[in-house]
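The sequence shown begins at 26 in this note's numbering and counts up by one. All C-beta atoms, glycine included, are put in the ideal place defined by N, C-alpha and C. A quick note: this is a predicted structure, and the numbers were derived from the prediction, not measured. Just below is one structure, and these are the notes that go with it.
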Amino acid sequence: MIVTIVRFPTSATASLDAATQMFAGSAATYLEVPGLLGKIYLRAEDGSVGGVYWWTERHHAEGKFTQEWRNGVTEKYGAPPIVEFFDAPVVVDSILGAVRTETPQVFHGQDTL
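If you want it as structure tokens, here you go:
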């Protein structure tokens, strides 16, 4: 599994309510992104924003974070995003009570190993 952490360094700050509304407005667009297992939207105490994404394979993440995408978010937030890629060889899933060492596959919204 691949995890991507994206941060938007910006001088503009978003309140929690404003960030929640902004995130909710785009959240559904991520439901059908190829290879995306999930996304968590982030808002730091200083009002900056970002996201954590987890993917089945790195090429899916690289396909999302293209130069065109970077240009668009740079225009939106006033600074280029910081995008970091990580291997996630072990995942602890406290909700399911499972420790995973294999990347789950997703079929029609259902998580299966």
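Around the Cβ of residue 111, a 10 Å sphere holds fewer than 16 other Cβ atoms; the residue is exposed. For residue 66, the enclosing beta strand (DSSP E) covers residues 61 to 68. With a minimum length of 4 residues, the unbroken runs of alpha helix (DSSP H) contained wholly in the segment 84 to 133 fall at 92 to 102. DSSP, reduced to helix, strand and coil, places residue 54 within a helical segment of the structure shown. The straight-line gap separating the alpha-carbon atoms of residue 32 and residue 73 is approximately 8 Å.
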